[in-house]
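Please read the structure below before turning to the comments.
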């Protein structure tokens with residue numbers, strides 16, 4: 002296979018006079034590629050459809066390395082900068098990969114990007130005509146409005162970003178309560194952490210949602226386990242699947258990249274319309290999850306307490322505050 006980069010390197014290492022003269026001043030010491038550290042380290046970016054995503058990656062090495070961008074395993078760009086106008090399908094983990102002569106390769110995770118649904122806005126008020134005699138029992142359909150939610154993210158190997166935007170890493174390998182309703186105990190979300198990679202880290206393997214005694218487990222590959230029964234949402238792309246239960250229902254929606262689970266916690270009529278509090282989970286089918294809960298709910302677990310104050314998220318059970326994730330979760 003033709004490899005211009007390797008040919009230039011071989012020419013620089015060749016002692017023949019003609020090659021040495023031709024490459025004089027252009028041959029440096031062969032250096033493996035390195036990704037330069039940037040001020041903006043790995044983090045979570047929350048965007049809406051139509052927003053712009055811009056990431057930068059710079060590298061050194063000789064010969065000059067090539068830079069490629071990946072969302073998961075899919076290449077989405079190349080060069081020092083990645084610029085995208087996002088839509089719902091662009092949710093995922095973005096990786097900068099640097100290649101030197103197609104031999105030495107390094108990569109760095111730069112961001113976990115979540116593209117959220119556009120906020121629901123009530124329809125504009127319109128004047129209604131006088132009722133038609135005989136049609137008094139017909140009720141016009143009304144649009145449900147989702148109440149504001151807080152967002153917690155778990156991603157990578159693994160990184161946490163709490164509801165109140167506290168960031169930390171935790172390398173434990175067990176089943177952890179990621180988030181829980183600490184007021185009524187109606188719902189909680191477990192994450193199963195297992196070893197991954199070659200650096201001693203751990204990653205999410207499954208995410209399990211418990212709501213009003215109903216249970217669904219989200220597995221890798223966008224599979225769903227309901228009490229031993231396998232559900233395959235990826236075979237129903239862009240179709241809402243309602244999983245009915247005795248006490249509550251789950252709704253599943255797979256858009257080709259992200260599996261979304263939602264459950265209605267409360268539904269209240271206000272000003273002629275219904276407002277809903279929901280638990281919403283976005284699962285990338287691999288190692289990353291986003292958990293959205295009502296802003297007015299007190300929570301506990303690794304996602305923090307959801308009170309709007311980032312400085313008190315890592316509160317231990319009996320010993321006050323800590324900055325150590327291991328002590329926090331013991």
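Residue numbers (this note's numbering): 2 to 331. Glycine included, every Cβ here is placed at the ideal spot set by N, Cα and C.
Exercise for the section: Could you tell me which uninterrupted beta strand (DSSP E) segments, each at least 3 residues in length, are contained entirely in the stretch 187-241, listed from first to last along the chain? Expected result: Entirely contained in the stretch 187-241, the beta strand (DSSP E) runs reaching 3 residues are, in chain order, 188-197, 202-212, 215-220, 224-227, 230-232.
Exercise for the section: Would you mind listing the beta strand (DSSP E) stretches within the stretch 255-288 that are 3+ residues and don't spill past its ends, in chain order? Expected result: Those beta strand (DSSP E) runs which fall completely within the stretch 255-288 and span 3+ residues are 260-271, 274-284.
Practice task
Using the DSSP secondary-structure output, state which residues sit across from residue 115 in a beta bridge.
Solution key: One-based indexing of the chain shown puts residue 115 at position 114. Note: residue 115 sits in a beta bridge opposite 47.
Practice task
Mind checking which residues open and close the beta strand (DSSP E) that includes residue 185?
Solution key: The residue given as residue 185 occupies position 184 in the chain shown. Where residue 185 is concerned, there is no enclosing beta strand (DSSP E), given that its DSSP letter is neither H nor E.
Problem - When 72, 75, 82, 45 are compared against residue 60, the one with the closest alpha-carbon - result: As a working mapping, residue 60 is identified with position 59 in the chain shown. Nearest of 72, 75, 82, 45 to residue 60, Cα basis: 82.
Problem - When 262, 152, 107, 98 are compared against residue 212, the one with the closest alpha-carbon - result: By 1-based counting over the chain shown, the position of residue 212 is 211. When each option's Cα is compared against that of residue 212, the closest is 262.
Exercise for the section: Could you pull out every unbroken beta strand (DSSP E) segment of at least 3 residues lying fully inside the stretch 75-105, listed in chain order? Expected result: Within the stretch 75-105, the beta strand (DSSP E) runs of at least 3 residues that lie entirely inside it are, in chain order, 75-79, 82-86, 93-101.
Exercise for the section: Return the Cβ separation of residue 333 and residue 97 in integer angstroms, given the expectation that the two are a contact with Cβ distance under 8 Å. Expected result: The question about residue 333 has no answer, for the chain in this structure spans 2 to 331.
Exercise for the section: Would you grab the beta carbon distance between residue 279 and residue 147 for me? Rounded to a whole angstrom, and I think it's under 8 Å. Expected result: For the purposes of this step, residue 279 is taken as residue 278 along the chain shown, with counting starting at 1. For the purposes of this step, residue 147 is taken as residue 146 along the chain shown, with counting starting at 1. Sure, about 6 Å apart at Cβ, within 8 Å.
Exercise for the section: State the Cα-Cα distance for the pair residue 169 and residue 193, rounded to the nearest angstrom. Expected result: Within the chain shown, residue 169 is the residue found at index 168, counting from 1. Within the chain shown, residue 193 is the residue found at index 192, counting from 1. Looking at the two C-alpha atoms, the distance is approximately 18 Å.
Handout entry: Beta carbon of residue 62 nearer than 9 Å to that of residue 94
Key = Here residue 62 refers to the residue found at position 61 when the chain shown is read from its first residue. Here residue 94 refers to the residue found at position 93 when the chain shown is read from its first residue. No; because the gap between Cβ atoms is not below 9 Å, this pair is not in contact.
Problem - Which of helix, strand or coil DSSP assigns to residue 295 - result: On the chain shown, residue 295 is found 294 positions in, with the first residue counted as 1. Judged by DSSP in its simplified three-state form, residue 295 adopts strand.
Practice task
Assign residue 175 to one of two classes, buried (16 or more other C-beta atoms within 10 Å of its C-beta) or exposed (fewer than that).
Solution key: For the purposes of this step, residue 175 is identified with residue 174 of the chain shown, where counting begins at 1. That one is exposed.
Exercise for the section: Alpha carbon to alpha carbon, how far is residue 247 from residue 53? Give it in angstroms, no decimals. Expected result: Working through the chain shown from its first residue, we reach residue 53 at position 52. Working through the chain shown from its first residue, we reach residue 247 at position 246. One C-alpha to the other measures close to 43 Å.
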